Amino acid sequence: MLIGVSAYEDAEFRPIRAARRSVEAMRALLTDPVLCGWPPDRVTEIVNPSLAVDVATGLVDLAEKTTGALLVYYAGHGVLSPRAELCLTVTSTRWNRPKITGLTWETVAEVLRSSSARVRLAILDCCFAGQAIEALTDSCGPQNHSG
């Protein structure tokens, strides 16, 4: 699933024209028969989604039926909630309410973790993407503590 958000309703978010081009370039890379060879019908593009719930629902549907490789690519604004949680924006995300109006990384991570896909990948082209690493490592199973 390739998600690109280049336009926003909330004036606090600057447009990101490159997000649309990044999705197009990623699609070309994945479907190139010499480079990756993914069948074009296996690459889902979502450009300028309006509602986070629609993206989340589409991702869950895709994750449930994917057994091979599940790739989530996001290009757009990443913002932090008041509790420093990464939120991926959609066109209707409000600057002052990102957790309610955006797509939380925790939601995406939960979908990735629960998928039966053999390979699960996420590429985040947004600010605060480093927060995603922390969210994944906090819930990757038992910790090995020596002492």
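Numbered according to the working numbering, the sequence shown spans residues 69 to 215.
Glycine included, every Cβ here is placed at the ideal spot set by N, Cα and C.
In this text, all values refer to a predicted model and were calculated from it rather than measured experimentally.
For residue 190, the enclosing beta strand (DSSP E) covers residues 187-193. For residue 114, the enclosing beta strand (DSSP E) starts and ends at 113-115. In the structure shown, residue 102 falls within a coil segment according to DSSP collapsed to helix, strand and coil. The Cβ-Cβ distance between residue 170 and residue 179 does not fall below 8 Å.
Secondary structure note for residue 71: its beta strand (DSSP E) is the uninterrupted segment 70-72. In the three-state DSSP reduction, residue 158 falls in the coil class, being neither helix nor strand. With the rule of 3 Cβ pairs closer than 8 Å, the region 102-109 does not count as touching the region 78-85.
The C-alpha of residue 149 is placed about 7 Å away from the C-alpha of residue 165. Annotation for residue 127: the continuous alpha helix (DSSP H) segment containing it runs 120-133. Distance between residue 110 and residue 168, taken at the CA atoms: about 30 Å. In the three-state reduction of the DSSP assignment, residue 146 falls in the strand class. Non-local C-beta neighbours of residue 160 in its own chain, meaning closer than 7 Å and more than five positions away in sequence, comprise 77, 118, 119 and 169, ordered along the chain. Judged by DSSP in its simplified three-state form, residue 86 adopts helix. Under the three-state reduction of DSSP, residue 93 is assigned to helix.
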